[in-house]
Structure formats: structure tokens, C-alpha cells
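Chemist:
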Amino acid sequence: MMAFVGGTGYGVGAVGCGNGVRRCATNAAVAMRSNGRVRMGMLIGGGEIEMARATADLICDAATVNPGWIEALAKAFNTLNMPEPVVKYGHPAMMAFMVLGMGFPGAYIGWKGRVNEDKREGVQQKQLHENIMTAFWLLAFAGGFGGTLSTAMQGYPIWTSPHAYTALLVLALLTANAFYAWSGFGGGDAKSRINGRKFHFYIGVATMSAFVLHAGLGVVGLFE
Numbered sequence: 464m465m466a467f468v469g470g471t472g473y474g475v476g477a478v479g480c481g482n483g484v485r486r487c488a489t490n491a492a493v494a495m496r497s498n499g500r501v502r503m504g505m506l507i508g509g510g511e512i513e514m515a516r517a518t519a520d521l522i523c524d525a526a527t528v529n530p531g532w533i534e535a536l537a538k539a540f541n542t543l544n545m546p547e548p549v550v551k552y553g554h555p556a557m558m559a560f561m562v563l564g565m566g567f568p569g570a571y572i573g574w575k576g577r578v579n580e581d582k583r584e585g586v587q588q589k590q591l592h593e594n595i596m597t598a599f600w601l602l603a604f605a606g607g608f609g610g611t612l613s614t615a616m617q618g619y620p621i622w623t624s625p626h627a628y629t630a631l632l633v634l635a636l637l638t639a640n641a642f643y644a645w646s647g648f649g650g651g652d653a654k655s656r657i658n659g660r661k662f663h664f665y666i667g668v669a670t671m672s673a674f675v676l677h678a679g680l681g682v683v684g685l686f687e
């Protein structure tokens with residue numbers, strides 16, 4: 464809850480912006496002028512809060528620290544009046560489907576191809592692994608953007624939470640491992656490529672572990 468009492472006020476809280484309640488989780492500074500003074504009136508008695516819609520929108524605009532283009536996209540999507548559960552749970556639902564349906568199976572197929580004694584079948588598994596994980600890598604970036612947009616649509620600052628930091632870590636590991644594989648696992652002779660595949664495997668394990676951490680932090684964030 465924010466209160467501005469003369470001069471300049473700072474606060475963190477929930478204010479009404481556009482349709483419904485939007486959380487401006489940043490420090491806001493609103494200058495109070497003698498002409499056309501901006502006020503937010505709060506009646507604490509009976510737990511009732513009154514605020515003018517225009518004033519609330521102004522405060523939200525002042526409080527946001529998100530890039531302008533992100534805010535513009537968020538406002539545009541908010542005009543579609545999507546159900547709140549879709550905005551809040553759409554990103555985690557799609558990411559869960561993607562990770563459980565593509566990420567872990569793709570990683571498992573890659574491991575099976577690596578240890579398969581049937582070389583022909585192993586090659587086919589490695590090719591399938593490459594196809595699945597390439598699509599997974601691209602969709603991970605799309606999912607990251609979707610999560611960013613969802614965060615902005617709910618009025619939160621983007622890229623400031625541990626969940627967001629682990630998303631950047633996951634994308635960095637996925638990208639590094641993808642380009643390492645496309646480089647021929649470091650090149651060189653056959654022995655070097657074998658060692659390179661081992662390194663690729665270890666980075667893959669680290670990536671999927673980071674995904675588990677990322678998902679856990681996301682679940683925690685849903686209940687905050």
C-alpha cells in the first residue's frame with residue numbers, strides 16, 4: 464500500500480491501473496505541485512481504499528522501470544482482456560509441457576545414443592537428439608519472452624527475480640552447448656571429439672539441473 468503525503472512520496476504497493484489492480488513493485492517518486500496537485504486519497508477506516516483511476520494510472524506509469532517497448536506490448540495485450548489465470552499460469556504451463564515433453568526426453572535420447580552399442584541406432588538417436596534439442600533451444604527463447612511479457616502484464620518489474628536470473632543462465636547454457644555441438648565438439652581428431660562429447664554431456668546435465676532450479680523458483684513465485 465502506498466501513501467503520498469505532500470512533497471515527494473516513495474512507496475511500494477498495489478494500485479489500480481487500467482483494468483483491475485496492478486502491482487507497481489518499484490520505488491516511485493511523484494512530485495506534488497501547487498497547480499493541478501496530484502493526490503491519492505486513502506480511507507483506511509473500514510479497510511476501504513479510494514483512488515482516482517487517472518491518478519492510479521499516473522502513479523503506475525511513474526513507478527514502472529520496464530523498457531518502454533515491453534510496457535507498450537504489455538498494455539496492448541492487456542486490452543485483450545485475457546482471463547487472469549491465462550496471464551498468470553499460461554507461461555508456466557507451456558514451459559512445463561515443453562521441458563517435460565521435449566527437454567528431458569531429448570536429453571535422455573542423446574544419452575542413449577552416446578552409450579548405445581548398436582552404432583547405427585546410436586547415430587539415429589543422436590540425430591533425433593539434435594533435432595529435438597534445436598527446436599527446444601529456439602522454443603526456450605520464445606518461452607523466455609513469453610514469461611517476460613507475462614511479468615510485465617501483471618505489473619511486475621522484469622528481469623529482477625532469481626527466477627529471471629536462472630532463466631538467463633539456462634538460455635546461456637543451452638546456447639553455449641548448442642554451438643559447441645555444431646562446432647563438431649571442439650574439432651580435432653577422433654579422441655578429441657570423444658572428449659568433446661563428454662563435455663557436451665556434462666554441460667547438458669548442468670543445463671537440465673538449472674531448468675529444475677528455474678522451475679522451482681517459478682513455482683515459489685506463483686504463491687508470493
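Per this note's numbering, residue 464 is the first one in the sequence shown, and the count goes up by one each step. Every residue gets a Cβ at the ideal spot worked out from N, C-alpha and C, and that includes glycine. Quantities reported herein were computed from a predicted structural model and do not represent experimental measurements.
For A630, which residues in the same chain have their Cβ closer than 8 Å to its Cβ, ignoring the five residues on either side in sequence?
Modeler: Correct list, in chain order: G607, G610 and H677.
Chemist: Please list, in chain order, all residues of the same chain as I533 whose beta carbon is under 8 Å from its beta carbon, the five residues on each side excluded.
Modeler: Correct list, in chain order: T611, L612, A615 and I621.
Chemist: Under a three-way DSSP split, which group does V562 fall into?
Modeler: Three-state DSSP puts V562 in a helix.
Chemist: Taking the C-alpha atoms as reference points, what is the distance between E584 and K575?
Modeler: Rounded to whole angstroms, E584 to K575 spans 10 Å at the Cα level.
Chemist: On the three-state DSSP scale, how would you describe V528?
Modeler: Reduced to three states, the DSSP call for V528 is coil.
Chemist: Distance, Cα to Cα, A673 vs N640?
Modeler: Rounded to the nearest angstrom, the two C-alpha atoms are 13 Å apart.
Chemist: Taking contact to mean 3 or more Cβ pairs, one atom from each stretch, closer than 8 Å, check whether the region 632–652 and the region 549–556 are in contact.
Modeler: Contact fails: fewer than three Cβ-Cβ distances are below 8 Å.
Chemist: Pop quiz: G569 and M596 are said to be a contact at Cβ under 8 Å. What is the actual Cβ separation, rounded to whole angstroms?
Modeler: The pair is a contact, with the Cβ atoms about 5 Å apart (cut-off 8 Å).
Chemist: Could you check where the alpha helix (DSSP H) with L543 kicks off and where it finishes?
Modeler: Here L543 belongs to no alpha helix (DSSP H), and DSSP marks it neither H nor E.
Chemist: Checking 8 Å against the spacing of the C-beta atoms, do V633 and A603 come in under that value?
Modeler: Yes. Within cutoff.
Chemist: What did DSSP end up calling Y619 once you bin it into helix, strand or coil?
Modeler: If DSSP states are grouped into helix, strand and coil, Y619 belongs with coil.
Chemist: So, at 8 Å on beta carbons, what are the nonlocal neighbours of M561 in its own chain, with the 5 sequence-adjacent residues on each side left out?
Modeler: Cβ within range, chain order: F599, L602, A603 and G606.
Chemist: Quick one: measure Cβ to Cβ for G564 and M671, integer angstroms, because I've assumed they're closer than 8 Å.
Modeler: Rounded, the Cβ-Cβ distance is 14 Å, inconsistent with contact.
Chemist: Which of the three DSSP states is assigned to E687 in this structure?
Modeler: If DSSP states are grouped into helix, strand and coil, E687 belongs with coil.
Chemist: For L521 and N541, I'd like the C-alpha separation in whole angstroms.
Modeler: At L521, the pLDDT of 49 sits below 50, so the modelled position is not reliable; the number obtained from the coordinates is stated separately. Cα to Cα, the separation comes out at about 17 Å.
Chemist: Could you give the C-beta distance for H626 and G684, rounded to a whole number, given that I count them as a contact under 8 Å?
Modeler: Confirmed, about 5 Å.
Chemist: Classify N658 as buried or exposed, calling it buried when 16 or more other Cβ atoms lie within 10 Å of its own Cβ.
Modeler: Burial call: exposed.
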